[in-house]
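In what follows, a structure is listed as structure tokens, so that the remarks can point back to it.
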Amino acid sequence: MPINMFQAQPTIRMQRWLQRSSLALSIGTVMAIGINAATMPQAQAAVTTADFSDLVQQVTPAVARVNVTKTVSEDELAKAQTAELLRQFFGDRLRIPDQAAKPAIEHAYGTAFFVTTDGYMLTNHHVVAGADKITVTLNDRTELDVTLVGSDERSDVAVLKVVGDQFPALPIGDSNSLKVGEPVLAIGSPFGFDYSASAGIVSAKSRSFSRETSVPFIQTDVALNPGNSGGPLFNQRGEVIGINSRIFSGTGGYMGLSFSIPIDAAMDIYEQLKTNGEVARAYMGIYPQDIDRNLAEAYNLARPQGALLTRVSPDSPAQKSGLQSGDIILQYNDVQIMRAADLLNLLNRARPNDPFSAQIQRDGKQMTVKGTLTYAPNDVRAQSGSQQDDEIQLGLRLRNLTPDEQAELAVDNKTGILVTTVDPTGLAARSGIFAGDIVTNFHQKPIAKVTDFSSAISSLPKKGVVTIEVMRQGIPGIIGLRIE
């Protein structure tokens, strides 16, 4: 379960920040601390472990194992086993174009759960990404075919649908009411061991790994392992309060840190995917950072708090509202902002055309600015031929780079467009193209804007392999896109 980072709109700077942050975490160490029992105060009362036995029997019928089948080539399987570092940057499907490769079948597993009685289920995007076929196995061993309703990479939420009715839908709780220290339960299929239950406590709330994240994760000490992805996290009342999504691990297995998507955020994504098939995110056009002790003193703040704007994008909702570089956002829509992640989490839950009001500090004085969020600039869907008859389903959503991103990218002639969304059922996903990639060349044609990409699509062959040149985290690569 990789740690994936997302933001309302992917930026080059954030992708590089993640790379550095992940490296710093990966080389962290754990030190043992000796404790003298004679110096420790006696506990006033023994801690009683929560008994989840009745709850497990109650909720298990609504949990299912997800079975995923993917078609990959032998060289892709070899790269996955022998070049893990390369795979982190370019995925299993980076290969030399036109290289002969025999197809192979890869099986993967995860967990899902029912949220409606008519067959709608939730799981993780990374569980079903690139799948050729998806089925679910219920606790009575019934196996059902699955339709992928929609999937959102940046929140790591996917919506599935099976045919039927009277399924045992789980009650949805309120993740905002969770308390640190509260007992929680997870059910899933770690390493293929179906319907395994594990319990722990909430370790922290609103945990963000980087400014790219689109959800404020719930951190727990519940034992999660590969196969638990997409499974429900329950409170003691049997309500779902999270989707088990990822772990921090240096070994690939559980090391005491598990992270779940709050169900409030997941249900918002669910409603959008169910209704529209995609997620519409709001755009403000700011680059916020945290305020440390030194900055708090420099800006005459009583304590480190707020989000300091290091940059405001031209012609953005932020600039139109009057926000400037150097402003400190203290409140957003009457919600206190303690750090940049608080602000970004609110923006990631907002919708285009939502109004906003921000209390800011500028030059030692406090004031209020108001504005309206918009869609990301130039965010358009890449069409494959005519809209009425798309013969080539690439499954990409693209936008032009902003001037700031073009300057930061620093590629030849500042060409390229940003991949904002990848449909897991499309050809692009199967070829290893990810959200956040910068497409610089497509089918031997330089790409400077989205219209260049649309023009290149018209000349694609109906069958065969074409090349896509991308920049990923500042590293160039060539991906072979197989058109079938």
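Residue numbers -32 to -1, 1 to 452, in mature numbering (1 follows the signal peptide of the UniProt record, and there is no 0), belong to the letters of the sequence shown in order. Ideal Cβ placement from N, Cα and C applies to all residues, glycine included.
For a cut-off of 8 Å, the C-beta gap from A18 to A172 is around 19 Å, too long to register as a contact. Taken through DSSP and simplified to helix, strand or coil, V83 comes out as coil.
For Y255, there is no enclosing alpha helix (DSSP H); the enclosing beta strand (DSSP E) has its first and last residue at 254 to 257.
The closest CA to that of I73, considering only A97, T84, D100, T39, is found on T39. In this structure, A97 is the residue among V31, A97, F82, M89 with its C-alpha nearest to the C-alpha of S399.
The secondary-structure analysis by DSSP pairs E121 with nothing; it has no beta-bridge partner. In this chain, the alpha helix (DSSP H) harbouring P285 covers 285 to 289. Here the alpha carbon of V125 sits roughly 12 Å from the alpha carbon of P392. Bridge partners of K147 according to DSSP: none are assigned.
Non-local C-beta neighbours of E150 in its own chain, meaning closer than 6 Å and more than five positions away in sequence, comprise V170, ordered along the chain.
Annotation for Y300: the continuous beta strand (DSSP E) segment containing it runs 296 to 300. Rounded to the nearest angstrom, the gap between the Cα atoms of V337 and A270 is 22 Å. For Y238, the enclosing alpha helix (DSSP H) covers residues 231 to 244.
Non-local beta-carbon contacts of T105 in its own chain, meaning distances under 7 Å to residues more than five positions away in sequence, involve A32, R33, N35, E111 in chain order. Counting only residues of its own chain and dropping the five nearest sequence neighbours on each side, A76 has a CB closer than 6 Å to the CB of V36.
Residue environment for F227: buried (at least 16 other C-beta atoms within 10 angstroms of its C-beta). The Cβ atoms of G224 and D189 sit closer than 7 Å to each other.
Within the same chain, and ignoring the five residues on either side of S143 in sequence, the residues whose Cβ sits closer than 7 Å to its Cβ are I186, I209, G210, P230, I231, D232. M439 and V127 have their alpha carbons spaced roughly 30 Å apart. DSSP, reduced to helix, strand and coil, places N92 outside both helices and strands of the structure shown, so it counts as coil.
Q329 counts as buried, since at least 16 other C-beta atoms from the protein chains shown sit within 10 angstroms of its C-beta.
The stretch 242 to 251 makes no contact with the stretch 194 to 207, as fewer than three CB pairs between them are under 8 Å. For the set T340, P444, L138, V433, the Cα lying nearest the Cα of I451 is the one of V433. Between the stretch 250 to 259 and the stretch 268 to 285 there are three or more inter-stretch CB-CB distances shorter than 8 Å, so the stretches are counted as touching. Of the candidates F161, S289, V131, S21, V131 places its Cα closest to the Cα of T103.
Of the candidates M306, T435, N321, A250, the residue whose Cα lies closest to the Cα of Q273 is M306.
In the structure shown, D113 adopts extended strand secondary structure according to DSSP, grouped into three states. Sequence-distant partners of L276 (beyond 5 residues in either direction) whose C-beta falls short of 7 Å from its own C-beta, in its chain, are P256, Q257, I259, L263, I296.
The residue from S422, F421, T370, E239 with its alpha-carbon nearest to that of V117 is E239. When DSSP assignments are scanned along the stretch 389 to 440, the uninterrupted stretches of alpha helix (DSSP H) that are 4 or more residues long and fall wholly within it turn out to be 395 to 398, 418 to 425. Measuring C-alpha to C-alpha distances from F20 to each of L153, S123, Q299 identifies L153 as the nearest.
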